[in-house]
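Notes follow the structure.
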Amino acid sequence: MKLKHIISARQFDRKILEKIFALTNQIKAGKYKNDALYGKIMATLFYEPSTRTRFSFESAMQRLGGRVISTENAGEFSSAAKGETLEDTIRVVNSYCDVIVLRHPKTGASEIASQYSQVPIINAGDGEGEHPTQAILDIYTIFSKFNKKTFTVAMVGDLKYGRTVHSLSCLLALYPNVKIVFISPKALSLPKSVLDHLRKKHVDFVGTEDFRSYLSVVDILYQTRIQKERFGDIREYRKYYGKFIIDKKVLSFLKKTAVIMHPLPRVNEITPEVDLDPRAIYFEQAQNGIFSRMALLLLLFDKAKL
Amino acid sequence: MKLKHIISARQFDRKILEKIFALTNQIKAGKYKNDALYGKIMATLFYEPSTRTRFSFESAMQRLGGRVISTENAGEFSSAAKGETLEDTIRVVNSYCDVIVLRHPKTGASEIASQYSQVPIINAGDGEGEHPTQAILDIYTIFSKFNKKTFTVAMVGDLKYGRTVHSLSCLLALYPNVKIVFISPKALSLPKSVLDHLRKKHVDFVGTEDFRSYLSVVDILYQTRIQKERFGDIREYRKYYGKFIIDKKVLSFLKKTAVIMHPLPRVNEITPEVDLDPRAIYFEQAQNGIFSRMALLLLLFDKAKL
Amino acid sequence: MKLKHIISARQFDRKILEKIFALTNQIKAGKYKNDALYGKIMATLFYEPSTRTRFSFESAMQRLGGRVISTENAGEFSSAAKGETLEDTIRVVNSYCDVIVLRHPKTGASEIASQYSQVPIINAGDGEGEHPTQAILDIYTIFSKFNKKTFTVAMVGDLKYGRTVHSLSCLLALYPNVKIVFISPKALSLPKSVLDHLRKKHVDFVGTEDFRSYLSVVDILYQTRIQKERFGDIREYRKYYGKFIIDKKVLSFLKKTAVIMHPLPRVNEITPEVDLDPRAIYFEQAQNGIFSRMALLLLLFDKAKL
């Protein structure tokens, strides 16, 4: 099994996900050769700075023996600065490396890049589009906690612009016994394209503004940041701000077996007191990003023993 | 044969160029040990961001097993920020690494750096001065297409500020059967110092504003970007803008055996339709940058088997 | 002997310093295995750009076979940009690497980071606080010149904000036969917390504004930059500016056996003519930074053979 590019969560099926999970488990258990990608070079081409995501990819590559060329200022030398198109940039950079990790402010940028690149493109976030490797680490984290694949996920916060939510929803849609509750202000509810996809896949989901009512039934509480700047009317923002905060009181409503996840960074939407609760697994989730990205790299380079 | 520093195209003669070409050919054919520079460290010290050039050097170094310490914000910690001289910066950084790749806005900066450095300095562009490693990859690309070394090169666009043109002209001047046509607006014609050098070397060249007339006789059409901002009078710019565009129509005038080159990035001076023509070799040219820079690094570290 | 974190110069005693010196000497003599840290990853997390210090750490790590993930723009993705706390950043980044080198504008930041990190934190400068690895390289340089540990050090310039002076003073305080002369304008004299520490340790020191009088008795003249911007009144600045310059005339007052040090970068407080004097050892001092940081890394990873 070989992946060519990683552009969208929609390109994955259950079979390949199961292989990724198995491989990630092996890596997490220390069963991998740490020079599998010796001699390979990753270019991290970030048009928006995101040290967190970049570090995660670069660490994964180097833990496999690969090497890295890196920029978090790609915007300064390309179209923005001298008028070069993304297509040209990709056609040059792809001759300097063996895989390109692309973060770009425009939705669809990775799809375009993949049409021009002779090496694999990994979408590390394209505008309000997708963030498929985040979704892979998220669903891996979920299944590492819930073996039977029958559970209810609540996704909370900014579901409109949150590309991690878009990507994760598409992966969850592959599993028939998963129920999803989308909790957000109406102004920040899921975009139509994702809704249409979930309906087409017959996903059992509901959208609501009511945070409290579902707390006692969810198995996974997936929190995201509500971005103040998205609201035209600050009073509208204040109506929701505070309703969606996960604090000690919210913990008291949650199942003992539930888990709390967050793609991070968080600001105030999960209070620090929650960190100490064993149900808070967002830092473990971040750590899984290394292991699952190592698995994806091994698959892209056809180095996975599965 | 050992190079000490790479500062100017003028330091090369035909004998060393032939060795570089032979070595680059070997590398391109995969015949090199990819840990020849194991344990060596390259510092890329860029006072102007140029991800493209930086990536090319860092990839070349790492493909040879070397390692990299890197900055594209050198200006922020040196003279500009705290008042340190380039001399001092070099005397400190040269104790952290085994080779320094320097990009600097001031003409002559690499020459100065080489006087203070105990490790090799590679000039990766100094203001309006030179860009010798670009010239090496350019002339390697030309000779990989034209074996007999008898041909006509047209260099088009901004010949005044274009340091790649200055450096490439000096290398071409080493070959007696090469003719050069310099095509540019008068305001952007070759600087006197380069003209004098070519005359001293008895190069057969002509300068003109007439783009069309020479199209049918040139073997290499070397296009560069005309920079709008160089013109005081925008009407002057508009007079030339459009005259020097390589498009499908221009292709129809070119020899079947001609090639089109460009140091990149390009903006609009070569239209995208040209990319599909087999005579368009600018992306192959960019790729040759890796191989020829690997060759130069092997020579600097006296690791070339020639 | 294993270090856990490197936060403050005050955490070191003479016994561990002696081991660091011995190890640094071994490394300087080329007696180390250059893959001792193979498979380990260093994250350099710089909230203020400092290419010099970052390069020094990254070179040290790579000379030991380790790898690096690096940012000099950490401020752009953390609290400053999206409102994330340093605590959260550390808890995420520590799962991507094996050691974190932190440069932060806030005094005490490394101490806080060490409380949340599961991997070692190295303080690479925290505001006006400390810069312990600079102090280690400084004192190593001093003892490499003065074997008997009985000498007089003059520290000159901005002693108030200069964190290298604070850290070095604390290390010198461990040696009973060291005398210190603090020479600065009153407005830039040593902060009370450092003074109190020196008094508690019974250090033989004096503070003065008189530069000339002590020149003939000092063994080490440790110069630092006087920062114009610290003075409210420019006339106050001009009173001292010029008094503390080390130039050819100052050289004539110094002992033949004295040495001149500077943490660098320097601006005008040491004139270039001084560089040629054999007593000027500031570039050798900078070079020692690589060796002593390699020693510290080996100790942190428990890889030192002592």
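Sequences listed follow chains A, B and C, in order.
To convert, count from 1 in the first sequence and add 22; that's our numbering.
To convert, count from 1 in the second sequence and add 22; that's our numbering.
To convert, count from 1 in the third sequence and add 22; that's our numbering.
Think of the CB as a built atom: it goes at the ideal place given N, C-alpha and C, for glycine as much as any other residue.
| Query | Result |
| --- | --- |
| Per-residue burial, Ser30 (chain C) [other beta carbons within 10 Å of its own, 16 or more giving buried] | buried |
| Chain C contact residues for Asp110 (chain B), given Cβ-Cβ distances below 8 Å | Leu286, Pro287 and Arg288 |
| Burial state of Glu94 (chain B), where buried means 16 or more other Cβ atoms lie within 10 Å | buried |
| Contacts of Thr73 (chain A) in chain B (Cβ-Cβ under 8 Å) | Ordered by position in chain B, no residue passes the 8 Å Cβ test against Thr73 (chain A), which lies about 15 Å from the chain. |
| Opening and closing residue of the alpha helix (DSSP H) in which Phe34 (chain B) lies | Run containing Phe34 (chain B): none; DSSP gives neither H nor E here. |
| Interface flag, Asn56 (chain C) vs chain A, CB-CB below 8 Å | no |
| Buried or exposed by the 16-neighbour rule on C-beta atoms within 10 Å, applied to Arg247 (chain A) | buried |
| For Leu237 (chain B) and Ser211 (chain B), believed in contact at Cβ under 8 Å, the rounded distance | Wrong, their Cβ atoms sit about 19 Å apart, outside the cutoff. |
| Bridge partners - Arg89 (chain A), DSSP secondary structure assignment | A:Ile63 |
| Contacting residues, own chain, Cβ-Cβ under 6 Å from Phe204 (chain B) (five flanking each side not counted) | Met177, Leu181, Leu212 and Gly229 |
| Asn145 (chain C) beta carbon less than 8 Å from that of Ser132 (chain C) | yes |
| Secondary structure of Lys222 (chain C), DSSP reduced to three states | helix |
| Rounded C-alpha distance that separates Ala102 (chain B) from Tyr69 (chain B) | The predicted position of Ala102 (chain B) is uncertain, since its pLDDT is 49 and thus under 50; a value taken from the coordinates is nonetheless stated next. Roughly 10 Å separates the two Cα atoms. |
| Below-8 Å beta-carbon distance, Ala308 (chain A) vs any chain C residue | yes |
| For Gly105 (chain C), three-class secondary structure by DSSP | coil |
| Beta carbon proximity, Leu39 (chain A) to chain C, threshold 8 Å | no |
| Residue-chain proximity (Ala65 (chain C), chain A), Cβ-Cβ < 8 Å | yes |
| For Gly147 (chain C) and Lys26 (chain A), the rounded distance between their alpha carbons | 44 Å |
| Beta-bridge pairing of Thr111 (chain B) - partner residues as DSSP gives them | According to DSSP, Thr111 (chain B) bridges with nothing at all. |
| Whole-Å CB distance - Asn56 (chain C) paired with Arg89 (chain C), under 8 Å assumed | That pair is no contact at about 13 Å. |
| Chain B contact residues for Asn95 (chain A), given Cβ-Cβ distances below 9 Å | Pro71, Thr73, Glu94 and Asn95 |
| CB contact flag (Phe313 (chain B), Lys37 (chain B), <8 Å) | no |
| Check whether Met283 (chain A) and Ile303 (chain A) have beta carbons under 8 Å apart | yes |
| Any non-hydrogen atom of the ligand PLP within 7 Å of Arg260 (chain C) CB | This structure lacks the ligand PLP; in fact it carries no ligand of any kind. |
| Under 7 Å by beta carbon: chain E residues contacting Arg76 (chain C) | Protein chains A, B and C are contained in the structure displayed, whereas chain E is not. |
| is_contact[Ile161 (chain C), chain A] using C-beta, thresh 8 Å | no |
| Neighbour flag for Ser314 (chain B) against chain A, beta carbons, 8 Å | no |
| Contact with chain A by Phe305 (chain B), beta-carbon distance below 8 Å | yes |
| Buried versus exposed call for Glu40 (chain C) [16 or more other C-beta atoms within 10 Å across all chains shown] | exposed |
| Length of the line joining the Cα atoms of Gln33 (chain B) and Ser206 (chain B) | 27 Å |
| Cβ of Gln156 (chain C) within 8 Å of any chain B Cβ | no |
| Proximity test, Cβ basis, 8 Å: Glu258 (chain B) and chain A | no |
| Contact belief for Lys208 (chain A) with Glu231 (chain A) at Cβ below 8 Å, rounded distance in angstroms | 7 Å |
| Reference Tyr183 (chain C), options C:Lys171, C:Lys214 and C:Lys201, closest by Cα | C:Lys214 |
| Integer-rounded CB distance, given that Phe227 (chain B) should sit under 8 Å from Ile256 (chain B) | In fact, because the Cβ distance is near 30 Å, the residues do not count as touching under 8 Å. |
| Euclidean distance between Cα positions of Leu243 (chain A) and Ala280 (chain A) | 7 Å |
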